[in-house]
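For the sequence shown, UniProt numbering assigns the number 1 to the initial residue and increments by one for each residue that follows. Idealized CB from N, CA, C, for every residue including glycine. Keep in mind that this is a model prediction, so the values were computed, not measured. Take a look at the structure below.
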Amino acid sequence: MDIINSIISLGASVMMPVIFFIIALCFGVKIGTAFKAGMLVGIGFEGVGLVIGLLLTNLGPASQAMVERIGLHLTVVDTGWPTASTIGWGSPLMLPVVVGFIVINIAMLLLKLTKTVNIDIFNYWIFLIMGSVVYAGTGNY
1 MDIINSIISL
11 GASVMMPVIF
21 FIIALCFGVK
31 IGTAFKAGML
41 VGIGFEGVGL
51 VIGLLLTNLG
61 PASQAMVERI
71 GLHLTVVDTG
81 WPTASTIGWG
91 SPLMLPVVVG
101 FIVINIAMLL
111 LKLTKTVNID
121 IFNYWIFLIM
131 GSVVYAGTGN
141 Y
């Protein structure tokens, strides 16, 4: 379990490129193209993280000044889906969920229950964030 936790602790910007690279190779994509796709995903995650950090750093004080000036009682800055996806992909549930979805896809293909492969891995963050909330509350998978 320590090995899995150390791999997961690398974060989404490291794990997602690796996952995309492996899946691309499984689908017969050339190594160079698969590597480029993985790198673009990793760079995208880092970019989202940088933008969120910049927004929170600069938007927080501006929001606080607005609250004081107008007399509002707002205590939360809503940064939207990028923050939620970063939390989801950074959770300890990431590896089992992604592997589980891939296994389900393969099983459905082999059993001829579908002709479509769900490769929209990025949007698994929705399931990951729900699982992360349950994991944070219970401490169990």
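What are the start and end residues of the alpha helix (DSSP H) that includes Pro96? 94 to 110
Touching by the beta-carbon criterion (3+ pairs, under 8 Å), the stretch 89 to 98 and the stretch 49 to 58: no
Sort Asn5, Gly80, Gly49, Ala62 by Cα distance to Leu72 and report the nearest one. Ala62
Is there contact here, the stretch 80 to 92 with the stretch 118 to 125, by at least three beta-carbon pairs under 8 Å? yes
Where does Phe21 land, buried or exposed, given buried means 16+ other C-beta within 10 angstroms? buried
Start and end of the alpha helix (DSSP H) containing Tyr135? 125 to 138
Within this structure, are the beta carbons of Ser9 and Phe45 separated by less than 8 Å? no
Give the C-beta separation of Ile52 and Thr75 to the nearest angstrom, bearing in mind that I take them to be a contact with Cβ-Cβ under 8 Å. Actually they are not in contact, since the Cβ atoms of Ile52 and Thr75 sit about 18 Å apart, beyond 8 Å.
Beta-carbon contacts of Ala24 that lie in its chain and below 8 Å, excluding the five residues immediately before and after: Thr33, Ala34, Ala37, Gly38
Out of Trp89, Leu110, Thr116, Leu111, which one is the CA nearest neighbour of Gly131? Trp89
What residue range does the alpha helix (DSSP H) around Lys36 cover? 31 to 70
Coil, strand or helix - Asn5 by DSSP: helix
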